[in-house]
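Here is the structure we will look at.
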């Protein structure tokens, strides 16, 4: 498949590069991935975790982990127990929590 | 002539200033489709929907926002609760003040073998919880009641009905189209299993928004099945909330506007809106009682009534009175039967109906006095034309 030129999407290549680097920086070191059945729960998880001072970034769900909703949440896997506690307390339904160093 | 908008029970106006901005922002910035992808605009749209859902949960005392599902209006939400729970052989109890949003689906269900008992309210629209208790049977599956009448504003004691239903395992659907945003509500205190709300009346959002609080999703079948953005590998409807009841793309720009309206309501406080609405009601009742040619329906004492008042003027049909009120005083009202024939029979205003005035948090006292003066003038004119006791004045 030919690569889509960023200009065709109305984006300058430098903007794409900056965005890519920003996303990569945001998820660096976040080796935990929570997958969800539905996006309501993914978005609520992000809000609750950020509100509790955790690092949390929504990313397109890695297809090899889950066929479910389009987004997954990356978090600091070293704080897994705390994160799970926050999600359960907030009545967030999640599918699974993975260690995903990729 | 300036217009005085007294039709807030049909749809509220004006909207809080943030509503238009939020609608415009979503549309102009190319918001995505929530839950359909993981890109930034889809996520941003999802955040808008989430925030509106959370604000509603806060307003209605719902602990888990996922138990609030969006629909296009309160009618669709009521249909979901009724068609999703009642089966042939079930018995349902409802009241004599219901809007057609409840009465019509129940009538359709009667054709399918659901038995329906209608509990009679008094001539002011008041419903005795004991009468509801007396109507319950062994096979009663659900009680469906209007929280406040859209015709005369009378509020029922919903919590008392909730206390009757829960211990008997009877589901309780409350139609809060005229109370959400107008009275403080908490689903736990009301003891409801379903609470249907409109987004564009007391909640001050745009049309095309509404929804249903669902206590136990296992108790109800979806009304529509389809794409949810979740479990896309399966052809069965998802079981979890809110997706189970939200097939197809949501009205995201409408929900963005509703979110802005809810932020306004949170800042102002529903208690303040309720007190304001009672103040307007007192002004109108005080003015109109001077004129024997005006009949006001409802409790009449300003208690147990939201910002809705139905009146009739002796010697004038509601349609003629409404037309002249608009032409002579600029007062915009609703006239005739207000989608609630059963309620009009209860009040004794069938088939001609009433002139209904309904106000909201932005209605000023001076506007209420001007509307009251318009009604008084019209009633005196009608009295003179009829050669009544005022003819010699």
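Protein chains in written order, with this note's numbering: chain A, 5 to 106; chain B, 153 to 545. Glycine included, every Cβ here is placed at the ideal spot set by N, Cα and C.
Per DSSP, the continuous alpha helix (DSSP H) segment holding residue 44 (chain A) begins and ends at 43–55. Beyond the five residues adjoining it in sequence on each side, residue 261 (chain B) comes within less than 6 Å, by CB distance, of 238 in the same chain, given in chain order. The continuous beta strand (DSSP E) containing residue 447 (chain B) extends over residues 446–448. Short of 8 Å from the beta carbon of residue 398 (chain B), and not among the five residues preceding or following it, lie these beta carbons of its own chain, in chain order: 221, 222 and 380.
The C-beta of residue 351 (chain B) has 16 or more other C-beta atoms within 10 Å across all chains shown, which makes the residue buried. Under the 8 Å criterion on CB atoms, residue 67 (chain A) is classed as non-interfacial with respect to chain B. Between the alpha carbons of residue 515 (chain B) and residue 443 (chain B) lies a gap of roughly 23 Å. Secondary-structure assignment with DSSP links residue 307 (chain B) through a beta bridge to B:300. In the DSSP secondary-structure assignment, residue 508 (chain B) is bridged to B:462 and B:486. The three-state secondary structure of residue 355 (chain B), taken from DSSP, is coil. For residue 159 (chain B), the secondary structure class from DSSP, reduced to helix, strand or coil, is strand. Between residue 217 (chain B) and residue 293 (chain B), the alpha-carbon positions lie close to 25 Å from each other. Rounded to whole angstroms, residue 482 (chain B) and residue 155 (chain B) show a C-alpha spacing of 5 Å. As the crow flies, the alpha-carbon of residue 214 (chain B) is around 20 Å from that of residue 391 (chain B). Bounds of the beta strand (DSSP E) holding residue 326 (chain B) are 323–327. The closest CA to that of residue 98 (chain A), considering only A:56, A:83, A:35 and A:42, is found on A:42. Bridge partners of residue 494 (chain B) according to DSSP: none are assigned. Here residue 251 (chain B) is near residue 327 (chain B), since their CB atoms are less than 8 Å apart. Secondary structure note for residue 195 (chain B): its alpha helix (DSSP H) is the uninterrupted segment 192–212. In this structure, the straight-line span from the alpha carbon of residue 240 (chain B) to that of residue 267 (chain B) is close to 8 Å.
Taking 8 Å as the upper bound for CB-CB distance, residue 411 (chain B) and residue 200 (chain B) are in contact here, some 6 Å apart.
Straight across, the Cα-Cα distance linking residue 181 (chain B) with residue 525 (chain B) is about 47 Å. Residues of the same chain with a CB within less than 6 Å of the CB of residue 52 (chain A), apart from the 5 flanking positions on each side, are 90 and 94 in chain order. Taking a C-beta distance under 8 Å as the contact criterion, residue 507 (chain B) and residue 462 (chain B) qualify as a contact pair. Short of 6 Å from the beta carbon of residue 338 (chain B), and not among the five residues preceding or following it, lie these beta carbons of its own chain, in chain order: 213.
Along the region 27–54 of chain A, the positions whose C-beta sits under 9 Å from a C-beta of chain B are 40, 41, 42, 43, 44, 45, 46, 47, 48, 50 and 51, read in chain order. Rounded to whole angstroms, the separation of the alpha carbons of residue 504 (chain B) and residue 272 (chain B) is 20 Å.
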